[in-house]
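Residue numbers (the working numbering), protein chains in the order written: chain X, 10 to 240; chain H, 9 to 231.
All C-beta atoms in this analysis are idealised placements derived from N, C-alpha and C, irrespective of residue type, glycine included.
Since the structure comes first, as structure tokens, the remarks are kept for the end.
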Amino acid sequence: MFDLSSAEWTAIGLSLRIAMVATACALPFGIAIGWLLARGTFWGKTVLDGLVHLPLVLPPVVTGYLLLIWFGRKGPLGAFLYDHFGILFAFRWTGAALASAIMGFPLLVRPIRLALESIDRRLEDAAATLGANPVLVFVTVTLPLALPGIIAGVLLCFARALGEFGATITFVSNIPGETQTISAAIYTFLQIPDGDAAAGRLVLVAVALSLAALIAAEWLGRRATVRFHGG
Amino acid sequence: MLVVDVQKQLGALRLTVRFDAAGGATALFGPSGAGKTSLVNMIAGLLKPDRGAITLDKTPLFASESGIDVPPHQRSVGYVFQEGRLFPHLNVRQNLEYGRRMSRRTREPVEFERIVGLLGIGHLLTRRPRLLSGGERQRVAIGRALLMQPRLLLLDEPLASLDAGHKREILPYLVRLRDEADIPMVYVSHIAAEVRQIATHVVRLEDGRVTATGGLELLAGAS
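Pasting the structure below:
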């Protein structure tokens with residue numbers, strides 16, 4: 010039963026790569042937006058908050074379609090990124106990573122924002138009186154204290170990216186070896202007469218990976234919390 | 009020499025304060041709500057006065073007329089907070105060395121040992137702040153402020169969160185600090201007995217205004 014074919018291995022490897030790249034690229038933006046939402050007071054904050062959460066409530070097909078329009082080879086952003094940086098999203102695994110990052114973004118930002126909101130700002134004042142400039146205060150006090158939230162966000166985003174289907178298949182289609190992730194492969198196997206066994210194997214892999222990500226999030230988060238804030 | 013001449017509207021309280029502090033320990037003495045903490049926050053650069061000037065050793069830290077407002081990390085003003093505010097993610101040694109690391113000064117083991125010895129915290133260096141008693145925490149907080157080599161040390165009710173036993177534990181350290189460290193201190197308190205032991209000068213603050221300045225004789229009759 011558990012003899013994975015090379016096509017299945019390819020889908021698993023691709024899923025992991027896409028989810029990792031998506032999470033890694035989303036993280037700096039996640040911290041920046043989380044910080045803006047936690048600390049900023051500016052016009053349009055509610056709108057920004059809504060935009061960040063939009064992928065959570067929008068049908069994934071709609072997100073995928075919007076990505077196709079904006080980031081396709083001829084889309085305004087897609088054309089710009091291709092002409093200036095040589096980055097191509099359309100029907101590439103990079104596009105799958107972009108779609109996964111956007112779908113996982115709300116889950117990344119939320120815990121980071123909550124962690125930043127719960128930090129005792131007076132510790133940052135103390136750091137400033139000890140000679141730390143604002144950047145150093147952020148790096149040596151704010152970020153370490155927000156670490157449990159950052160870990161939680163990263164793993165939730167990763168798990169979400171791993172399972173992304175709707176937006177990805179709409180945006181970059183279902184190309185074996187390029188954009189066919191575990192989810193897309195399961196979908197494909199279910200469409201062919203003898204695909205049930207292969208689909209079943211991938212379902213088990215998906216369950217195992219997602220569970221591992223959630224357990225890791227829980228464990229790492231608790232460890233960081235105990236270390237910094239006491240058990 | 010610290011010269012303070014500031015105004016600030018804080019809700020219903022109008023703070024209008026003028027005083028100066030030379031060497032030794034100057035107590036800002038007065039009841040709760042008189043504006044003492046706001047005043048030291050302004051000296052540290054954590055709160056901006058509406059108007060006025062703050063000068064330390066002839067260099068302006070704040071001057072509304074010329075638009076000078078030196079940010080807190082460039083003031084070299086040490087601050088011991090009422091609640092210690094040790095960094096929970098760093099151990100005691102890392103807390104103590106935080107100021108030196110942030111200003112990229114080289115290690116000075118002799119000075120480090122001297123202050124650690126003065127405060128009696130040598131056996132705590134590898135502990136995390138949450139495992140310290142209230143008294144230990146405040147001694148580490150004092151050490152952390154001293155080790156940044158401040159030009160002025162602000163202490164905002166550093167004993168307020170401690171029980172009587174721990175107060176007695178810290179007071180002698182503060183007195184030694186005043187006599188040995190050679191850094192001018194501004195000591196905020198509303199308790200006359202405490203001020204009597206530590207201060208050399210007294211600035212009495214009531215309802216946002218200085219009502220008297222002088223020596224310890226100002227405390228006569230106060231509790």
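In chain order, each alpha helix (DSSP H) run of at least 4 residues that lies wholly inside the segment 153-201 of chain H: For secondary structure counted as the alpha helix (DSSP H) over 4 or more consecutive residues, the segment 153-201 of chain H holds these complete runs in sequence order: 172-188.
Where residue 184 of chain X sits in the DSSP three-state scheme: In the first sequence, residue 184 of chain X corresponds to position 175, counting from 1. Note: residue 184 of chain X maps to coil in three-state DSSP.
Buried or exposed (CB count within 10 angstroms, at least 16 for buried), residue 69 of chain X: Locating residue 69 of chain X in the first sequence gives position 60, counting from the first residue. Residue 69 of chain X should be labelled buried.
Where residue 240 of chain X sits in the DSSP three-state scheme: As a working mapping, residue 240 of chain X is identified with position 231 in the first sequence. Bear in mind that a pLDDT of 38 at residue 240 of chain X, under 50, signals an unreliable position, so the number given afterwards is only what the model happens to contain. It is coil, neither helix nor strand.
Near-chain X residues of the segment 89-109 of chain H (beta-carbon distance less than 7 angstroms), N- to C-terminal order: From the segment 89-109 of chain H, only 89, 93, 95, 96, 97, 106 and 107 have a Cβ closer than 7 angstroms to chain X.
Straight-line gap, residue 140 of chain H to residue 25 of chain H (C-alpha atoms, nearest Å): Position 132 of the second sequence, counted from the first residue, corresponds to residue 140 of chain H. Position 17 of the second sequence, counted from the first residue, corresponds to residue 25 of chain H. The alpha-carbon atoms of residue 140 of chain H and residue 25 of chain H are separated by roughly 37 angstroms.
Residue of X:187, X:195, X:161 and X:153 minimising C-alpha distance to residue 172 of chain X: Walking along the first sequence from the start, residue 172 of chain X turns up at place 163. Per the Cα distances, X:195.
Chain H contact for residue 39 of chain X (CB, 9 angstroms cutoff): What you label residue 39 of chain X is simply residue 30 of the first sequence in a count that begins at 1. Not an interface residue.
Within-9 angstroms CB hit, residue 84 of chain H to chain X: The residue you call residue 84 of chain H lines up with position 76 of the second sequence. By this cut-off, residue 84 of chain H is an interface position.
Short Cβ contact (9 angstroms threshold) for residue 12 of chain H with residue 62 of chain H: If you number the second sequence from 1, residue 12 of chain H lands on position 4. If you number the second sequence from 1, residue 62 of chain H lands on position 54. Yes. Within cutoff.
Any 3 or more C-beta pairs closer than 8 angstroms across the segment 25-36 of chain X and the segment 106-114 of chain X: yes
Beta carbon proximity, residue 143 of chain X to chain H, threshold 9 angstroms: The residue given as residue 143 of chain X occupies position 134 in the first sequence. With 9 angstroms as the cut-off, residue 143 of chain X counts as an interface residue toward chain H.
Close Cβ partners of residue 118 of chain X (< 6 angstroms) along its chain, the five nearest in sequence each way excluded: Residue 118 of chain X sits at position 109 when you count from the first residue of the first sequence. The beta carbon of residue 118 of chain X sits closer than 6 angstroms to the beta carbons of 39, 42, 43 and 61 from its chain, once the five residues preceding and following it are set aside; these are given in chain order.
Residues that residue 76 of chain H bridges to, as DSSP identifies them: One-based indexing of the second sequence puts residue 76 of chain H at position 68. Beta-bridge pairing links residue 76 of chain H to H:71.
Neighbourhood of residue 120 of chain X by C-beta distance below 6 angstroms, restricted to the same chain and skipping five residues each side: Locating residue 120 of chain X in the first sequence gives position 111, counting from the first residue. Around residue 120 of chain X: 158, 161 and 162.
Spatially closest choice to residue 215 of chain H from H:32, H:44 and H:33, by CA coordinates: Position 207 of the second sequence, counted from the start, is the residue given in the question as residue 215 of chain H. Checking every option, the nearest Cα to that of residue 215 of chain H belongs to H:44.
Proximal residues to residue 217 of chain H (C-beta, below 6 angstroms), its chain only, five neighbours per side dropped: For the purposes of this step, residue 217 of chain H is taken as residue 209 along the second sequence, with counting starting at 1. Same-chain partners within the cutoff: 24.
Chain X contact for residue 52 of chain H (CB, 9 angstroms cutoff): Taking the second sequence and counting its residues from 1, the one referred to as residue 52 of chain H is at position 44. With 9 angstroms as the cut-off, residue 52 of chain H counts as an interface residue toward chain X.
Positions along the segment 142-166 of chain H whose CB lies within less than 8 angstroms of some CB in chain X: 152, 153 and 156
Given residue 182 of chain H as reference, the closest of H:79, H:206, H:154 and H:212 once Cα atoms are compared: Numbered from its first residue, the second sequence carries residue 182 of chain H at position 174. Among H:79, H:206, H:154 and H:212, the Cα nearest to that of residue 182 of chain H is on H:206.
The segment 187-206 of chain H contacting the segment 152-163 of chain H, beta-carbon criterion three pairs below 8 angstroms: yes
Closer than 9 angstroms to chain H by CB, residue 232 of chain X: Position 223 of the first sequence holds residue 232 of chain X. With 9 angstroms as the cut-off, residue 232 of chain X does not count as an interface residue toward chain H.
Whole-angstrom distance between residue 98 of chain H and residue 185 of chain H, CA atom to CA atom: Start at 1 with the first residue of the second sequence, and residue 185 of chain H comes out as number 177. Start at 1 with the first residue of the second sequence, and residue 98 of chain H comes out as number 90. Residue 185 of chain H and residue 98 of chain H have their C-alpha atoms some 25 angstroms from each other.
Within-9 angstroms CB hit, residue 203 of chain X to chain C: In the structure shown, chain C cannot be found, because the protein chains are X and H.
Cα-Cα separation, residue 130 of chain H to residue 104 of chain H: Looking up residue 130 of chain H in the second sequence gives position 122. Looking up residue 104 of chain H in the second sequence gives position 96. Spanning the two alpha carbons is a distance of roughly 11 angstroms.
Reduced DSSP category for residue 91 of chain H - H, G, I as helix; E, B as strand; rest coil: Position 83 of the second sequence, counted from the first residue, corresponds to residue 91 of chain H. Of the three classes helix, strand and coil, the one that applies to residue 91 of chain H here is coil, per DSSP.
Cα-Cα separation between residue 180 of chain X and residue 74 of chain X, rounded to whole angstroms: As a position in the first sequence, residue 180 of chain X is number 171, starting the count at 1. As a position in the first sequence, residue 74 of chain X is number 65, starting the count at 1. If I take the Cα positions, the gap works out to 6 angstroms.
Proximity to residue 37 of chain X [Cα-Cα], best of X:86, X:187, X:203 and X:166: The residue labelled residue 37 of chain X in the question sits at position 28 within the first sequence. Of the candidates X:86, X:187, X:203 and X:166, the one whose C-alpha sits nearest the C-alpha of residue 37 of chain X is X:166.
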